[in-house]
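In what follows, a structure is listed as structure tokens, so that the remarks can point back to it.
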Amino acid sequence: MADRFLQILSCARMIILLLLSSLFVVICNGCATIPEIVNLKQDESFTHDEIVAGKMVVCGVVSIVNDLDESESSKYADMLRDSFLSVRKEFVILPVEEAVQRLGKDLYQAILCDYKYTGELNLDLLKKLESCQTAFRYLLLVRIIENEVSKSTEKRPRSEIPPKTDWKGNPIVKEIDVVLIAKRRISVSVDVYDLKKRILALSGEINESESNERSPYSEEKDEDIIKSFTLIPVRVFLEVTLQPSAPSTDKLLHKIFKAFAQNMPCRHRK
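Using the numbering used here, read the sequence shown as starting at 8 and increasing by one per residue.
Structure (structure tokens):
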């Protein structure tokens, strides 16, 4: 009975120590890089001066991954505008409410539906928008085409502190960190339509991912098989309890929207 109690106490102590050691081991990967735009296409008439003179309106954000409700659609449209203006303060970018008011709710919904399922606006719809040129020239549309979360586990050697090496100069590793990884990958396409010329003025796509990591425990490099077997329940509990969550959709979208804004035409310096 006493042996059983001591075994339970030992396991409890180990869980507490491992929990405390893992509280600060949460790492975000991919936060510092600027997303790259692929398949970027830009009409030669789509210049910085034309954008400033013609004005742009956020027409909306759609998703083929899942149906966005009205509040989500509005939130992402506002985020798109705010992200663009935080980078390109010289642009006049009207909010999505202006597009709804000018186009009318039926035509506006038809545009979003057409764009969601085809990824483009047909010429018939563009012709119907000619009367809106007095308020704005460019329509800004965004389409979320992927939003996936994946989870994985890696084992990484833990370096000694201070670092130690053997007689050959190789790092001495005594422990292996078990690292839990939660990754989110989002793919977004952006399209800007010129109502005056009735053309696609700019289009491109960004595929971006970020991950959060946490190491709930470490293993001895040459751990005894009996010890490993004994610790299975504890380690399973830690992996379930301390599994990190993936970066939020909002965080990645804000980063992607800013990257699109940075790639808009700039004023030529003399």
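Note that the Cβ used here is the ideal one computed from N, Cα and C, for glycine as well.
- About 6 Å separates the Cβ atoms of Ser216 and Lys190, confirming a contact at the 8 Å cut-off.
- Beta-carbon to beta-carbon, Tyr124 and Ile58 are separated by about 28 Å, too far to satisfy the 8 Å threshold.
- Leu148: member of the beta strand (DSSP E) spanning 145 to 166, first to last residue.
- Pairwise C-beta distances place the stretch 246 to 261 in contact with the stretch 186 to 205, as three or more of them are shorter than 8 Å.
- Bounds of the beta strand (DSSP E) holding Cys66 are 63 to 70.
- With 16 or more other Cβ atoms from the protein chains shown falling within 10 Å of its own Cβ, Cys66 counts as buried.
- Relative to the Cα of Pro240, the nearest Cα in the group Lys228, Asp229, Tyr224, Pro254 belongs to Tyr224.
- Around the beta carbon of Glu155, fewer than 16 other beta carbons sit within 10 angstroms, so the residue counts as exposed.
- Here Val185 is bridged, per DSSP, to Lys162, Tyr224.
- Under DSSP, Arg192 shares a beta bridge with Glu155, Ser216.
- Residue burial is scored here from C-beta neighbours: Val68 has at least 16 other C-beta atoms within 10 angstroms and is therefore classed as buried.
- For Glu127, the closest C-alpha among the options Thr237, Asn270, Glu227, Val199 is that of Val199.
- When only Cα atoms are considered, Thr40 and Asn129 end up about 35 Å apart.
- If you draw a straight line from the Cα of Lys82 to the Cα of Glu51, it comes to about 32 Å.
- The C-beta separation of Lys181 from Lys234 comes to about 14 Å, leaving the pair out of contact by the 8 Å criterion.
- Linking Phe236 to Asp257 through their CA atoms gives a straight-line distance of about 41 Å.
- In this structure, Ile213 lies near Ile44, with their beta-carbon atoms less than 7 Å apart.
- The Cβ atoms of Leu209 and Gln140 lie no closer than 7 Å to each other.
- Contact holds between the stretch 78 to 92 and the stretch 253 to 273, because three or more Cβ pairs, one in each stretch, are under 8 Å apart.
- The Cβ atoms of Leu147 and Met63 lie closer than 7 Å to each other.
- DSSP places Ser138 within a helical segment (H, G or I) once states are collapsed to three.
- Under the DSSP definition of a beta bridge, Leu209 partners with Gln49, Val199.
- Closest in alpha carbon position to Met86, among Cys273, Asp76, Ile263, is Ile263.
- CA-CA distance, Leu136 to Arg205, rounds to 9 Å.
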